[in-house]
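Visitor: For the sequence shown, counting from 1, position 297 maps to 301 in the working numbering; every step adds exactly one.
Cβ coordinates follow ideal geometry from the N, Cα and C atoms, glycine included.
Predicted model, so just to flag it, every value in this text is computed and none were measured.
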Amino acid sequence: MLKYLEISKEVQDALNNGQAVVALESTIISHGMPYPENVETALTVEKIIRENGAVPATIGVIGGCLKAGLTAREIEYLGKKGQEVLKVSRRDLPYVVAKGLDGATTVASTMIIAEMSGIKVFATGGIGGVHRGGEQSFDISADLQELSKTNVAVVSAGVKSILDIGLTLEYLETYGVPVIGFGTDEFPAFYTRKSGYKVNFTADTPEELARIIKVKWDLGLKGGVVVANPIPEEYSLDNEEISRAIDSAVLEAAEKGVKGKEVTPYLLARVKDITGGKSLEANIQLVLNNARLAAKIAVALSRI
C-alpha cells in the first residue's frame with residue numbers, strides 16, 4: 005500500500021511527533037469552486053489550520069500517486085485544470101493510480117487516504133448524501149458508506165440542500181454514524197444554519213468533541229463521526245432564496261439529463277449564478293469556519 009502513497013515531509017514529521025494534522029479534500033478545489041477562488045480558498049484554509057495549531061494535509065492524486073500534503077504548486081495545478089481533473093471516489097482509486105492519472109479526491113477517497121496516512125480529522129465543506137428521489141434512483145453518495153467504515157472524523161457544514169437531508173440522516177443512522185452538532189441541536193444545510201432536522205448529539209467545545217471521537221474508536225466502534233458545524237450567522241443565506249435557487253437548478257439538471265457525479269458540480273455552478281455569487285461567498289466562509297474547528301479538534305485529540 006505504501007508504495008502508492010506519498011506523505012509530505014511536513015505532514016510525516018507532524019505525525020511522527022504526535023502533532024495535530026487536518027486532512028483536506030481536493031474536489032472542492034477542482035470541482036467545487038471556479039479558478040482562482042478555488043486556489044485562494046485552499047491556501048487560506050491551510051493558513052487557518054496552521055494558525056490554530058495544526059498541520060494541513062491537502063489530499064489528492066498526482067500522476068497516479070496518492071498524496072497527503074499537496075504543495076502550493078500542486079494545489080495551483082489542480083485548481084487551474086478544474087473539472088478536467090477526474091473526480092475520484094473509492095471506486096475510482098485503483099483505476100486512477102494504475103493509469104497514472106491526476107485525481108481530485110472526494111470526501112470518501114480523502115477519508116481513505118487520510119486513514120492510510122494516520123490522519124484522524126478531516127475538514128470539508130459539506131458531505132455527500134442521498135440525492136432527491138434517491139428512494140427510486142438509489143443515487144447515494146459513497147461518502148455515507150465510507151463514514152460507516154473509515155476511522156476519520158469529518159467536520160462539515162452538514163449537507164447541501166440540493167440533497168434529501170432527511171434520507172441522508174436516516175442512512176447515517178442505519179449505519180451507526182454519530183452526527184454531532186457543534187453548539188447546535190439542528191443539522192445545518194450548508195448554505196444555511198437550519199434544516200428542520202435534529203442531530204443525534206451536541207457538543208459545545210472542541211475538547212468535548214475530541215473525547216467523544218476518541219472513546220468511539222477506543223471502544224472498537226469502527227467508522228467515522230460527522231461533526232456538524234453551522235455556517236457563521238453573518239454568512240448564512242436566506243432559506244427561501246436558496247431553496248428557490250436549488251429547486252430551479254435541480255429542475256434544469258433533470259431536464260438536461262445531468263446524472264451521477266456530474267450532478268453536484270452542475271448544481272453548485274447554477275446556484276452560484278442564480279444567487280449572483282452569494283452562494284460562492286457562503287461556500288468559502290463555511291469551509292474556513294470548518295477548518296478552524298477541525299484544527300482545534302485535532303489539537304485536542306493530540307493532547308488526550
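Assign Glu295 to one of three DSSP states: helix, strand, or coil.
Guide: Within the sequence shown, the letter at position 291 stands for residue 295. It is worth fixing the name first, because residue 295 is Ala in this sequence and not Glu. Note: Ala295 maps to helix in three-state DSSP.
Visitor: What did DSSP end up calling Val254 once you bin it into helix, strand or coil?
Guide: Taking the sequence shown and counting its residues from 1, one reaches residue 254 at position 250. Residue state, collapsed to three classes: helix.
Visitor: By a C-beta neighbour count over all protein chains shown, 10 Å radius and 16 as the cutoff for buried, is Asp277 buried or exposed?
Guide: Start at 1 with the first residue of the sequence shown, and residue 277 comes out as number 273. Asp277 comes out exposed.
Visitor: Helix, strand or coil: how does DSSP classify Ile123 here?
Guide: As a working note, residue 123 is residue 119 in the sequence shown. Reduced to three states, the DSSP call for Ile123 is coil.
Visitor: Between Val181 and Glu174, what straight-line distance do the alpha-carbon atoms span, to the nearest angstrom?
Guide: Position 177 of the sequence shown, counted from the start, is the residue given in the question as residue 181. Position 170 of the sequence shown, counted from the start, is the residue given in the question as residue 174. If I take the Cα positions, the gap works out to 10 Å.
Visitor: What is the DSSP secondary structure of Leu272, reduced to helix, strand or coil?
Guide: Counted from its first residue, the sequence shown places residue 272 at position 268. DSSP places Leu272 in helix when its eight states are reduced to three.
Visitor: Which whole runs of the alpha helix (DSSP H) in the segment 142-211 are 4 residues long or more, in chain order?
Guide: Entirely contained in the segment 142-211, the alpha helix (DSSP H) runs reaching 4 residues are, in chain order, 146-153 and 169-178.
Visitor: For Arg313, count neighbouring C-beta atoms within 10 Å of its own C-beta (all shown protein chains included) and say buried if the count is 16 or more, exposed if not.
Guide: The chain is shown only over 5 to 308; residue 313 falls outside these bounds and no answer can be derived.
Visitor: Is it right to say Val267 is buried, meaning 16 or more other beta carbons lie within 10 angstroms of its own, or is it exposed?
Guide: Position 263 of the sequence shown holds residue 267. By the neighbour-count rule (16 or more Cβ atoms within 10 Å), Val267 is buried.
Visitor: Who does Ala72 pair with in a DSSP beta bridge?
Guide: The sequence position of residue 72 within the sequence shown is 68, counting from 1. Paired residue(s): Ile11 and Ile63.
Visitor: Starting from the N-terminal side, write out each stretch of the alpha helix (DSSP H) that is 4 residues or longer and does not extend beyond the segment 34-59.
Guide: Correct list: 41-55.
Visitor: Less than 8 Å between the beta carbons of Glu80 and Ala112, yes or no?
Guide: Position 76 of the sequence shown holds residue 80. Position 108 of the sequence shown holds residue 112. In this structure, Ala112 does not lie closer than 8 Å to Glu80 by Cβ.
Visitor: What would DSSP say about Ala102, mapped onto helix, strand or coil?
Guide: Translated into the one-based positions of the sequence shown, residue 102 becomes position 98. Here Ala102 sits in helix by DSSP.
Visitor: Work out the CA separation of Ala18 and Leu290 for me, nearest whole Å.
Guide: Within the sequence shown, the letter at position 286 stands for residue 290. Within the sequence shown, the letter at position 14 stands for residue 18. One C-alpha to the other measures close to 26 Å.
Visitor: Which same chain residues, not among the five before or five after Ser121, have their C-beta less than 6 Å away from its C-beta?
Guide: Within the sequence shown, the letter at position 117 stands for residue 121. Once the five neighbours on either side are set aside, the close Cβ partners of Ser121 are Ile11 and Ala72.
Visitor: Which of the three DSSP states is assigned to Ile131 in this structure?
Guide: Counting from 1 along the sequence shown, the entry for residue 131 is found at position 127. Correct three-state label for Ile131: strand.
Visitor: Whole angstroms is fine: what's the gap from Gln16's alpha carbon to Ala108's?
Guide: Start at 1 with the first residue of the sequence shown, and residue 16 comes out as number 12. Start at 1 with the first residue of the sequence shown, and residue 108 comes out as number 104. Taking the straight line from one Cα to the other gives about 21 Å.
Visitor: Once the 5 residues before and after Val134 are set aside, which same chain residues still bring their CB inside 7 Å of it?
Guide: By one-based count along the sequence shown, residue 134 stands at place 130. Within the same chain, Val134 has close Cβ partners Ile144, Leu167, Asp168, Leu171, Thr172 and Tyr175.
Visitor: Output needed for Pro210: all residues of its chain with C-beta closer than 7 Å, excluding positions within five of it in sequence on either side, in chain order.
Guide: Here residue 210 refers to the residue found at position 206 when the sequence shown is read from its first residue. Cβ neighbours of Pro210 beyond the five flanking positions: Leu297, Lys300, Ile301 and Ala304.
Visitor: Which of the three DSSP states is assigned to Val267 in this structure?
Guide: Against the sequence shown, residue 267 aligns to sequence position 263. In the structure shown, Val267 sits in a helix (DSSP, three-state: H, G or I).
Visitor: Using a Cβ distance threshold of 8 Å, determine whether the segment 235-245 contacts the segment 180-196, with at least three qualifying pairs required.
Guide: Enough Cβ pairs lie closer than 8 Å, so yes.
Visitor: Cutting at 7 Å between CB atoms, please list the residues of its own chain near Val92, excluding the five before and the five after it.
Guide: The residue labelled residue 92 in the question sits at position 88 within the sequence shown. Only Val65, Val100, Gly107, Ala108, Thr109, Thr110 and Ser113 meet the Cβ criterion.
Visitor: Which residues does DSSP list as the beta-bridge partners of Val230?
Guide: The sequence position of residue 230 within the sequence shown is 226, counting from 1. For Val230, which the question treats as bridged, DSSP gives the partners Val158 and Val183.
Visitor: So for Val25, helix, strand or coil by DSSP?
Guide: In the sequence shown, residue 25 corresponds to position 21, counting from 1. Strand at Val25.
Visitor: Less than 7 Å between C-beta atoms, sequence neighbours within five positions excluded: which residues of the same chain meet that for Asn293?
Guide: What you label residue 293 is simply residue 289 of the sequence shown in a count that begins at 1. Here the set comprises Asn233, Ile235 and Pro236.
Visitor: Return helix, strand or coil for Gly107, following the three-state DSSP convention.
Guide: Residue numbering aside, residue 107 sits at position 103 when the sequence shown is read from its first letter. Strand.
Visitor: Excluding five sequence neighbours on each side, which residues of the same chain lie with their C-beta closer than 6 Å to the C-beta of Asp147?
Guide: Looking up residue 147 in the sequence shown gives position 143. Hits under 6 Å: Val111, Ala112, Ile131 and Gly132.
Visitor: When burial is assigned at 16 or more other CB atoms within 10 Å of the CB, is Ala161 buried or exposed?
Guide: Indexing the sequence shown from 1 puts residue 161 at position 157. Buried.
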